[in-house]
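K.L.:
If you're matching positions, the sequence shown starts at 272 in my numbering and goes up one per residue. In this text, a Cβ means the ideal position worked out from N, Cα and C, and glycines have one as well. Just so it is clear, the structure is predicted and the values come from calculations on it, not from any experiment.
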Amino acid sequence: MTAATSSPARPISVSTSQACDNDGAGSWSTFIVEIGTPAQPARVMVSTAGNEVWVVVPQGCPDKYGSNCAKDRGGIFTVDNSTTWTNIGLYTLELETNLGYTGNGQYGHETVALGYPGGGGSSLDNQNVAGIAAPDYWQGVFGLDATPSNFTTFNEPQASYLTTLRNQSRIPSTSWGYTAGAVYRYSKVQGSLTLGGYDASRFSSQNITLPFYDDVSRRFLVQISAIKYIPTGLSTITTTTTLASDPISLYIASTVPYIYLPSAICAKFESAFGLNWNDTTEIYTLNNTMHKSLQNMNPNITFTLSTNDGQNLDIILPYKAFDLNASFPVIPDGTINYFPLKRAVNDTQYTLGRTFLQEAYLIADYDRSEFTIAPCVWPSTFKSDIKSILPPSANTTRTNGTSTETQKNTSTPVGAIVGGVVGGIALLVGAALLFYFFFYRHRHTKPAVPTTDSSAYAAAAQGDPLQVDPTKDKSELRGDYGGTELAAEHEQERRNAELAGKPVLGSELASSQLVGSELDGQQVYEMPAREYAAR
Numbered sequence: 272m273t274a275a276t277s278s279p280a281r282p283i284s285v286s287t288s289q290a291c292d293n294d295g296a297g298s299w300s301t302f303i304v305e306i307g308t309p310a311q312p313a314r315v316m317v318s319t320a321g322n323e324v325w326v327v328v329p330q331g332c333p334d335k336y337g338s339n340c341a342k343d344r345g346g347i348f349t350v351d352n353s354t355t356w357t358n359i360g361l362y363t364l365e366l367e368t369n370l371g372y373t374g375n376g377q378y379g380h381e382t383v384a385l386g387y388p389g390g391g392g393s394s395l396d397n398q399n400v401a402g403i404a405a406p407d408y409w410q411g412v413f414g415l416d417a418t419p420s421n422f423t424t425f426n427e428p429q430a431s432y433l434t435t436l437r438n439q440s441r442i443p444s445t446s447w448g449y450t451a452g453a454v455y456r457y458s459k460v461q462g463s464l465t466l467g468g469y470d471a472s473r474f475s476s477q478n479i480t481l482p483f484y485d486d487v488s489r490r491f492l493v494q495i496s497a498i499k500y501i502p503t504g505l506s507t508i509t510t511t512t513t514l515a516s517d518p519i520s521l522y523i524a525s526t527v528p529y530i531y532l533p534s535a536i537c538a539k540f541e542s543a544f545g546l547n548w549n550d551t552t553e554i555y556t557l558n559n560t561m562h563k564s565l566q567n568m569n570p571n572i573t574f575t576l577s578t579n580d581g582q583n584l585d586i587i588l589p590y591k592a593f594d595l596n597a598s599f600p601v602i603p604d605g606t607i608n609y610f611p612l613k614r615a616v617n618d619t620q621y622t623l624g625r626t627f628l629q630e631a632y633l634i635a636d637y638d639r640s641e642f643t644i645a646p647c648v649w650p651s652t653f654k655s656d657i658k659s660i661l662p663p664s665a666n667t668t669r670t671n672g673t674s675t676e677t678q679k680n681t682s683t684p685v686g687a688i689v690g691g692v693v694g695g696i697a698l699l700v701g702a703a704l705l706f707y708f709f710f711y712r713h714r715h716t717k718p719a720v721p722t723t724d725s726s727a728y729a730a731a732a733q734g735d736p737l738q739v740d741p742t743k744d745k746s747e748l749r750g751d752y753g754g755t756e757l758a759a760e761h762e763q764e765r766r767n768a769e770l771a772g773k774p775v776l777g778s779e780l781a782s783s784q785l786v787g788s789e790l791d792g793q794q795v796y797e798m799p800a801r802e803y804a805a806r
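#1: Which parts of the region 485 to 545 are runs of the alpha helix (DSSP H), unbroken and 4 residues or longer, counting only runs that do not cross its ends?
#2: From T480 to P646, what does the alpha carbon distance come to, in whole angstroms?
#3: Which stretch, first to last residue, makes up the beta strand (DSSP E) that contains N399?
#4: Quick one: Cα of E381 to Cα of S286, how far?
#5: Put N478 into one of helix, strand or coil per three-state DSSP.
#6: Whose C-alpha, out of S393, T575 and K499, is nearest the C-alpha of F544?
#7: Say whether the region 338 to 357 touches the region 313 to 320, bearing in mind that this needs 3 or more beta-carbon pairs closer than 8 Å, one atom from each stretch.
#8: From the DSSP output, in three-state form, read off A719 for me.
#9: For the 8 Å Cβ check, are there 3 or more pairs between the region 328 to 341 and the region 419 to 435?
#10: I'd like the list of long-range same chain contacts for V383, defined as Cβ closer than 8 Å, with 5 residues on each side in sequence excluded.
#11: Grab the span of the beta strand (DSSP E) containing C291 for me, first residue to last.
#12: Which of the three DSSP states is assigned to N583 in this structure?
#13: Taking buried to mean at least 16 other C-beta atoms within 10 Å of its own C-beta, is S726 buried or exposed?
#14: If you reduce the DSSP assignment to three classes, tell me which class A471 lands in.
#15: For Y529 versus G374, is the C-beta spacing smaller than 8 Å?
#16: Can you tell me whether DSSP reads I634 as helix, strand or coil?
#17: When you compare each of S577, D580 and I572 to S588 by their alpha carbons, which one comes out closest?
#18: Can you tell me where the beta strand (DSSP E) holding L628 begins and where it ends?
#19: Quick check: the region 467 to 484 against the region 655 to 664, are there 3 or more CB pairs under 8 Å?
#20: Nearest-angstrom Cα distance between L361 and V327?
#21: Measuring only the C-alpha atoms, how far is F474 from A320?
#22: Could you compute how far the alpha carbon of Y408 sits from the alpha carbon of Y372?
#23: Could you tell me the boundaries of the alpha helix (DSSP H) in which Q566 lies?
#24: Given a cut-off of 8 Å, decide if T445 and S463 are closer than it, judged by their beta-carbon atoms.
#25: Should W447 go down as buried or exposed, given a rule of 16 or more other Cβ atoms within 10 Å for buried?
#26: Could you work out which residue in T560, T434 and P406 is closest to P419 when comparing CA atoms only?
#27: If you follow the alpha helix (DSSP H) that K591 is part of, which residue opens it and which one closes it?
#28: For I586 and P663, I'd like the C-alpha separation in whole angstroms.
#29: Can the beta-carbon of Q575 be found closer than 8 Å to that of S496?
#30: Would you check whether the ligand FMN has a heavy atom nearer than 7 Å to the C-beta of A471?
#31: Starting from T433, trace the alpha helix (DSSP H) in both directions and tell me its first and last residue.
#32: Do you know how far the Cα of E365 is from the Cα of N358?
#33: So for K342, helix, strand or coil by DSSP?
#34: Mind checking who C647 pairs with in its DSSP beta bridge?
#35: Do H562 and N596 have their C-beta atoms within less than 8 Å of each other?
#36: For T606, which residues from the same chain have a beta carbon less than 6 Å from its beta carbon, with the 5 sequence-adjacent residues on both sides left out?
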């Protein structure tokens with residue numbers, strides 16, 4: 272076991288909003304951020320892939336969205352009401368674009384704090400904030416990733432919130448632990464987010480630790496070797512049904528609620544659970560009779576995660592984790608029972624979204640370029656047990672049997688404390704991470720045109736009010752190392768190598784021709800794709 276003898280900072284346990292907000296795809300635990308001066312609070316979702324703070328602006332609530340829109344979208348941030356906003360420009364949003372999510376954001380530097388006003392949360396100046404209006408991102412997001420943003424040139428990285436906390440010695444390491452919470456357990460179990468550590472009370476000692484995948488937009492790549500279900504409630508069926516038995520690689524991402532699987536596996540879900548695919552809304556629905564039957568049957572759906580060295584880990588989701596209601600903006604109006612499964616177009620879309628993270632706890636350690644995943648536990652009462660994740664250079668006390676020695680920590684504190692397997696990290700990965708840190712997420716070689724004119728958000732018609740004219744071309748420097756359009760055989764080789772703990776760094780830089788436009792006299796810049804192109 273590894274424990275800290277001293278630490279310059281303690282982890283930050285981020286308070287939830289104590290609300291369950293509906294993004295049209297179900298009810299989810301949200302977190303509070305305060306934006307601007309004076310502070311304007313907003314309830315946001317957590318994005319494990321994002322590295323910025325996004326909040327909804329007034330143009331995200333046109334009249335057609337109804338009088339409750341501001342509340343439904345987690346609160347509104349008004350740029351003109353803040354004295355600390357420094358405008359950067361209008362850029363495309365690049366989270367989960369491979370899944371069809373699109374939109375634009377008015378970017379600026381702004382003061383951001385965690386928690387409700389007066390709650391004493393960490394407040395940071397000059398953070399990267401985007402005002403959004405697109406319905407695809409119905410609520411704002413708090414990005415956890417440590418990758419910097421760059422809006423002008425390659426040599427001006429803008430640190431993420433997590434990295435800024437670490438640079439200012441407010442947390443012990445560049446790391447976090449997160450689970451989405453489960454509104455169906457007890458009286459709505461809230462999510463849990465810890466920066467610089469994790470909450471050991473929220474997960475089992477059974478876990479696996481894997482190296483980051485070398486595409487920084489898809490760090491948390493796991494291999495699923497099997498998906499099975501077995502009824503546990505009022506059912507005469509007690510046999511286990513296999514829904515998938517061939518290994519597939521899936522990306523864990525909390526930005527989206529859905530689980531994206533191959534069509535063949537989706538077909539087995541359809542048969543097992545009586546699901547109906549709606550071509551218009553692109554969701555799986557079920558009638559009231561089948562819905563009631565599934566509630567009585569209460570099947571457990573087990574995802575078996577595997578590593579190439581033979582480790583297996585089961586993440587078990589009860590049917591209640593899938594028993595969700597769809598509403599606007601997922602469907603035009605009303606509410607309907609639906610199942611948060613999506614048909615993936617190809618393997619770049621295979622994703623384990625927020626639904627999965629209701630029953631799984633994810634720990635990311637950027638200092639060691641690895642992550643740990645474990646099943647959540649559900650005691651009748653929760654008592655937080657916040658643990659620090661120490662940086663690789665920290666002094667630690669290692670207990671071995673009855674002896675204790677103080678040594679330089681070169682092992683993996685997360686794996687040692689939670690009983691995980693320490694993955695070998697090659698020197699080449701470290702070099703690649705330096706490359707990522709300095710060169711990834713570059714917005715455009717041309718500086719944005721500053722403006723504080725709120726008319727930049729105008730024209731709230733169909734889709735995103737912040738429109739980009741696709742007829743105007745302009746160039747962009749692709750920032751994702753290794754590209755995002757690798758040949759299929761190279762892609763699978765890279766994934767398998769990563770899962771085996773043997774990173775294979777790509778060398779193909781994808782080219783792209785991007786589009787932009789003038790909007791009310793303001794140049795709109797296209798951000799580099801953070802995801803694989805697939806639609």
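P.N.:
Taking the geometry as given:
#1: With a minimum length of 4 residues, the unbroken runs of alpha helix (DSSP H) contained wholly in the region 485 to 545 fall at 534 to 544.
#2: Each residue's Cα considered, the two are about 13 Å apart.
#3: Here the beta strand (DSSP E) through N399 covers S394 to I403.
#4: Straight-line Cα distance between these residues: approximately 21 Å.
#5: For N478, the secondary structure class from DSSP, reduced to helix, strand or coil, is coil.
#6: When the alpha-carbon of F544 is set against those of S393, T575 and K499, the nearest one is in K499.
#7: Verdict: yes, contact present.
#8: Residue placement at A719 is flagged as unreliable, the pLDDT there being 34, under the threshold of 50; a coordinate-derived value is accordingly withheld.
#9: Segments in contact, no.
#10: So the list reads V304, E305, I306, V324, S394, L395, Q398, V400 and Y432, once near-sequence residues are dropped.
#11: Start and end: T287 to N293.
#12: Per DSSP, reduced to three states, the secondary structure at N583 is strand.
#13: Because S726 carries a pLDDT of 42, less than 50, the predicted location of this residue cannot be relied on, and the following value inherits that uncertainty. Burial state of S726 is exposed, judged by a 10 Å Cβ sphere holding fewer than 16 other Cβ atoms.
#14: It is helical.
#15: Annotated as distal: Y529 and G374, with beta-carbon spacing of 8 Å or more.
#16: Reduced to three states, the DSSP call for I634 is strand.
#17: One detail in the question is off: residue 588 reads as Leu in this sequence, not Ser. Nearest to L588 by C-alpha distance, out of S577, D580 and I572, is I572.
#18: L628 -> no beta strand (DSSP E), and no H or E assigned at all.
#19: The region 467 to 484 and the region 655 to 664 touch, with no fewer than 3 CB-CB distances between them shorter than 8 Å.
#20: L361 and V327 have their C-alpha atoms roughly 14 Å apart.
#21: Answer to the nearest angstrom: the Cα atoms are 21 Å apart.
#22: In a straight line, the C-alpha of Y408 is about 8 Å away from that of Y372.
#23: Counting along the chain, the unbroken alpha helix (DSSP H) around Q566 starts and ends at N559 to M568.
#24: For S463 and T445, no; Cβs fall outside 8 Å.
#25: By the neighbour-count rule (16 or more Cβ atoms within 10 Å), W447 is buried.
#26: Minimum Cα distance to P419 is reached at T434.
#27: Here K591 belongs to no alpha helix (DSSP H), and DSSP marks it neither H nor E.
#28: Those two C-alpha atoms are separated by around 29 Å.
#29: Just to set this straight, residue 575 is Thr in the shown sequence, not Gln. Contact flag set, yes.
#30: Looking at this structure, you won't find the ligand FMN or any other ligand, since it has none at all.
#31: Here residue 433 is Leu; the residue named in the question, Thr, does not match the sequence. It spans Y432 to N438 - the alpha helix (DSSP H) in which L433 sits, taken as one unbroken run.
#32: Going by the C-alpha atoms only, they are around 19 Å apart.
#33: K342 sits in a helix when the DSSP states are folded into three classes.
#34: Bridge partners of C647: F474.
#35: Judged by beta-carbon spacing, N596 lies beyond the 8 Å limit of H562, meaning their Cβ atoms are not closer than that value.
#36: The beta carbon of T606 lies closer than 6 Å to those of N596 and S598 in the same chain, with the five residues before and after it left out.
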